[in-house]
Amino acid sequence: MTVGMRGPAENAGVVDVCEEDSGRFGAPGARCAVGQMVIGGTTTSDNELDGEKARQGWIKTDYTDAEAIEVLRRADSGVRPDLSRHGYRFVKRAFDIVASGAAIALLLVPGLILSAVICIKSPGAGPLYSQVRVGRLRGDGTFRLFRMLKFRSMVPRADKMLAELRDKNEADGPLFKIKDDPRIIPGVGQFIRKHSIDELPQLLNVFAGQMSLIGPRPALPSEVMQYDERAMLRLTVKPGCGGAWQAGERSDSTFEGMIDADLEYIEASSFRHDLALIFGTLRSMLDGKGAY
Numbered sequence: 001m002t003v004g005m006r007g008p009a010e011n012a013g014v015v016d017v018c019e020e021d022s023g024r025f026g027a028p029g030a031r032c033a034v035g036q037m038v039i040g041g042t043t044t045s046d047n048e049l050d051g052e053k054a055r056q057g058w059i060k061t062d063y064t065d066a067e068a069i070e071v072l073r074r075a076d077s078g079v080r081p082d083l084s085r086h087g088y089r090f091v092k093r094a095f096d097i098v099a100s101g102a103a104i105a106l107l108l109v110p111g112l113i114l115s116a117v118i119c120i121k122s123p124g125a126g127p128l129y130s131q132v133r134v135g136r137l138r139g140d141g142t143f144r145l146f147r148m149l150k151f152r153s154m155v156p157r158a159d160k161m162l163a164e165l166r167d168k169n170e171a172d173g174p175l176f177k178i179k180d181d182p183r184i185i186p187g188v189g190q191f192i193r194k195h196s197i198d199e200l201p202q203l204l205n206v207f208a209g210q211m212s213l214i215g216p217r218p219a220l221p222s223e224v225m226q227y228d229e230r231a232m233l234r235l236t237v238k239p240g241c242g243g244a245w246q247a248g249e250r251s252d253s254t255f256e257g258m259i260d261a262d263l264e265y266i267e268a269s270s271f272r273h274d275l276a277l278i279f280g281t282l283r284s285m286l287d288g289k290g291a292y
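The numbers in this note's numbering rise by one with no breaks, and the one at position 23 of the sequence shown is 23.
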């Protein structure tokens, strides 16, 4: 019997059942399937099983980000990024360096003032918050992880409260979004999230080469664990501070709408298109429509 795998872990419970005498088997795309296998109450990371174990195997899917990070560090996405179009990539990177460097210098003083306000509103926590995200796939298809920076807009230990809020999720697919999130710092946190000011420290990620000004938004490791092959294609380019999704409906969009917008961008990417999306993203930041 065949076992279907579409990413680091299939977004399903029981994947398939194999008869006891069927011998050893490996899941198609097993390079991706390095998630934990739950076998009769015990766990294993083997992709090939035999005998009784083969009859009882299923893939763990409810990964925390910490678990997902460990899986992705040794996983193969099964997807290879397109490393051609050297001219476009060179111009894009040069523009990222110049534009992000200029923006960092311009926003340094306002950033320090905002940092002081955040420290006052949320004592005991620094103004910056970092979170592990998934970057562009390496040339061999393995995952690249980095720490994305943000201004702190939520109370300390907000990640620990996530499990309690899962049943209130208003987004579809792997995304998590809720309006009136109780973890958001009243006043300053709500304002900087509405206008995406909390994302400005990512200019440092852009300058360091981990992100680009324009590209698909960087995904959480636990989200990537639920990607199918089509969604995995959004990881073939650098993640961005803004992009087609942000220039459009932003948080109001569906997961499939986000994937469609990102893949259309990748297919038709050009420097002129990037400039148009930069202005579209800035316009969305100013009006705050759809962001929460």
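Think of the CB as a built atom: it goes at the ideal place given N, C-alpha and C, for glycine as much as any other residue.
Please read these numbers as outputs of a predicted model, since none were measured by experiment.
Distance between residue j and residue i (C-alpha atoms, nearest Å)
i	j	result
Leu233	Arg136	10 Å
Phe90	Phe255	30 Å
Glu249	Gly215	In this prediction, Glu249 scores a pLDDT of 48, lower than 50, which makes its location untrustworthy; no coordinate-derived value is stated.
Glu67	Met225	10 Å
Asp228	Val109	43 Å
Ile259	Val237	13 Å
Gly280	Arg93	20 Å
Gly242	Asp262	11 Å
Expected contact under 8 Å - CB spacing of residue i and residue j to nearest Å
i	j	result
Leu72	Phe143	4 Å
Ala219	Val79	Contact flag wrong, Cβ pair sits at about 14 Å.
Collapsed DSSP secondary structure at residue i in the structure displayed
i	result
Phe146	strand
Ser122	coil
Gln131	strand
Glu67	helix
Gly280	helix
Leu200	coil
Phe176	coil
Met225	coil
Leu220	coil
Gly40	Caution applies to Gly40, whose pLDDT of 35 falls short of 50 and renders its modelled position unreliable; the value that the coordinates give is listed next. Note: Gly40 maps to coil in three-state DSSP.
Residues of its chain near residue i, where Cβ-Cβ distance is below 8 Å and the 5 sequence neighbours each way are ignored
i	result
Glu264	Ala244
Ile192	Leu114, Phe151, Ser153, Asp198
Leu149	Leu128, Tyr129, Ser130, Pro201, Gln202, Leu204, Asn205
Gly124	Pro156
Ile69	Val132, Leu145, Pro221
Ile185	Ile118, Lys121, Ser122, Arg152, Ser153, Met154, Val155
Chain-order list of residues whose beta-carbon lies under 6 Å from that of residue i (same chain, five-residue window excluded)
i	result
Lys168	Ile178
Ser22	Residue confidence is low: Ser22 scores 44 on pLDDT, short of 50, so the model does not pin down where it sits. Its coordinate-derived value is still stated next. Same-chain partners within the cutoff: there are none.
Contacting residues, own chain, Cβ-Cβ under 7 Å from residue i (five flanking each side not counted)
i	result
Ala99	Leu213
Residue interval of the alpha helix (DSSP H) (run including residue i)
i	result
Leu165	162-165
The beta strand (DSSP E) enclosing residue i, as first and last residue numbers
i	result
Gly243	Where Gly243 is concerned, there is no enclosing beta strand (DSSP E), given that its DSSP letter is neither H nor E.
Ile214	212-214
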